[in-house]
Amino acid sequence: MSDDDATRAVRQWSEAPPDAVLLDGFHALKHALRFGADVRVAVTASKEAALALAASLADDLTDRIRDLVVEVPVQTLRELVPRIHPTQVAALATRRSRQTNLAELGRLPRTSPIVVLDNPRNLGNVGAVVRLAAGFGVTGVVTTGDVDPWHPNAVRAGAGLHFATAVERLPSSDLPPGPMYVLDPDGEDIRSVAIPGDALLVFGSERHGVSPELRGQATKLLALPMRPQVSSYNLATSVAMALFHWGGPPQGPDTQDD
Numbered sequence: 120m121s122d123d124d125a126t127r128a129v130r131q132w133s134e135a136p137p138d139a140v141l142l143d144g145f146h147a148l149k150h151a152l153r154f155g156a157d158v159r160v161a162v163t164a165s166k167e168a169a170l171a172l173a174a175s176l177a178d179d180l181t182d183r184i185r186d187l188v189v190e191v192p193v194q195t196l197r198e199l200v201p202r203i204h205p206t207q208v209a210a211l212a213t214r215r216s217r218q219t220n221l222a223e224l225g226r227l228p229r230t231s232p233i234v235v236l237d238n239p240r241n242l243g244n245v246g247a248v249v250r251l252a253a254g255f256g257v258t259g260v261v262t263t264g265d266v267d268p269w270h271p272n273a274v275r276a277g278a279g280l281h282f283a284t285a286v287e288r289l290p291s292s293d294l295p296p297g298p299m300y301v302l303d304p305d306g307e308d309i310r311s312v313a314i315p316g317d318a319l320l321v322f323g324s325e326r327h328g329v330s331p332e333l334r335g336q337a338t339k340l341l342a343l344p345m346r347p348q349v350s351s352y353n354l355a356t357s358v359a360m361a362l363f364h365w366g367g368p369p370q371g372p373d374t375q376d377d
């Protein structure tokens, strides 16, 4: 790449709109591209290393990454991102359309659940749940409260898989339609209950649990198996257990790569 290419990439980065989504690292870029993200600019401190990662982990994207990613000096990369990812790759993409997400979340009939995180506080957990939702092929992830599920820290934890499912923040009064299955310690053992495909699976915040408002609307309360005197599971762990009980991800040849 020429100096002109690097200068152009830096200018595109600086001119990106405030709501542009930071794809922090090779895996975030890989997943975003696979699921149709509009990636506006991508940079790396070592294009050779980025292409080696593509050849090893995402050969289906090698040509696109070769054409898209621009090499810039490492000091320039430090100025563009809060901290450099170990893969030394970063990109900016257009956020998924809210209108598209809401249409997907509201569509009926629905054959896969929607995960609802009621007032979550930890952005890393939000991203981890998005990654789970994408892997299990659920309809989407909805959060209530004031935390933006598209915050850069959540997208980082989700490895770019926000583009693989519908992720939105909604008031608790405007949740998508469907029977509400609320995870609660006083509920029925989840192993004894079949979760329908159109369910809303509702999980409470890491500290306070599900709000009384949503608990009161529950079609059914479900409890995860837990040893006595253990107070709780991590939020993402709870979601993983519930989704595994609902049903596994589509079968295929894909492999774990990070």
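Going by the working numbering, the sequence shown opens with residue 120, and the numbers climb by one from there. For glycine and all other residues, C-beta sits at the position ideal for the given N, C-alpha and C. Computed from a predicted structure; not experimentally measured.
ALA125 versus ALA147: straight-line alpha-carbon distance, rounded = Going by the C-alpha atoms only, they are around 21 Å apart.
If you draw a straight line from the C-alpha of ALA318 to the C-alpha of ASN238, how long is it?
-> When rounded, the distance between both Cα atoms is 19 Å.
In the DSSP assignment, find the alpha helix (DSSP H) that holds ALA151 and state where it starts and stops.
-> For ALA151, the uninterrupted alpha helix (DSSP H) run begins and ends at 145–153, by DSSP.
Using the C-alpha atoms, what's the distance from ASP265 back to PRO232?
-> Approximately 23 Å between the Cα atoms of the pair.
Could you check what DSSP says for GLU198 in three-state terms: helix, strand or coil?
-> In the structure shown, GLU198 sits in a helix (DSSP, three-state: H, G or I).
Hey, which unbroken runs of the alpha helix (DSSP H) at 4 residues or more fall wholly within the segment 168–240?
-> Within the segment 168–240, the complete alpha helix (DSSP H) segments of 4 residues or longer fall at 181–187, 193–199 and 217–225, listed in chain order.
Look up THR262 in the DSSP assignment and give the residues it is bridged to.
-> Its beta-bridge partners are LEU236 and ARG288.
ASP308, DSSP secondary structure in three states = It is a strand residue.
Of the choices VAL200, PRO295 and ALA276, whose alpha-carbon is the least far from that of PRO228?
-> Considering only alpha carbons, the answer is PRO295.
Compute the Euclidean distance between the alpha carbons of TRP365 and LEU341, then round it to the nearest angstrom.
-> Computed Cα separation, rounded: 12 Å.
Could you tell me the boundaries of the beta strand (DSSP E) in which ARG159 lies?
-> 158–163 is the extent of the beta strand (DSSP E) around ARG159.
Check the DSSP bridge columns for MET299 and list the partner residues they point to.
-> Per the DSSP secondary-structure output, MET299 pairs in a beta bridge with LEU319.
Counting only the same chain and skipping the five closest in sequence on each side, list residues whose C-beta sits under 6 Å from that of ALA169.
-> These residues qualify, in order along the chain: THR163, VAL188 and VAL208.
Roughly how many angstroms lie between the CA atoms of ARG215 and ALA177, to the nearest whole one?
-> Those two C-alpha atoms are separated by around 22 Å.
In terms of residues, what are the limits of the beta strand (DSSP E) holding LEU341?
-> 339–342 is the span of the beta strand (DSSP E), which, as asked, contains LEU341.
Run the CB neighbour count on MET345, radius 10 Å, all protein chains shown included, and call it buried at 16 or more, exposed below.
-> Exposed: under 16 other Cβ atoms inside 10 Å.
Are LEU211 and ALA135 close, meaning C-beta to C-beta below 9 Å?
-> Between LEU211 and ALA135, the CB-CB gap stays under 9 Å.
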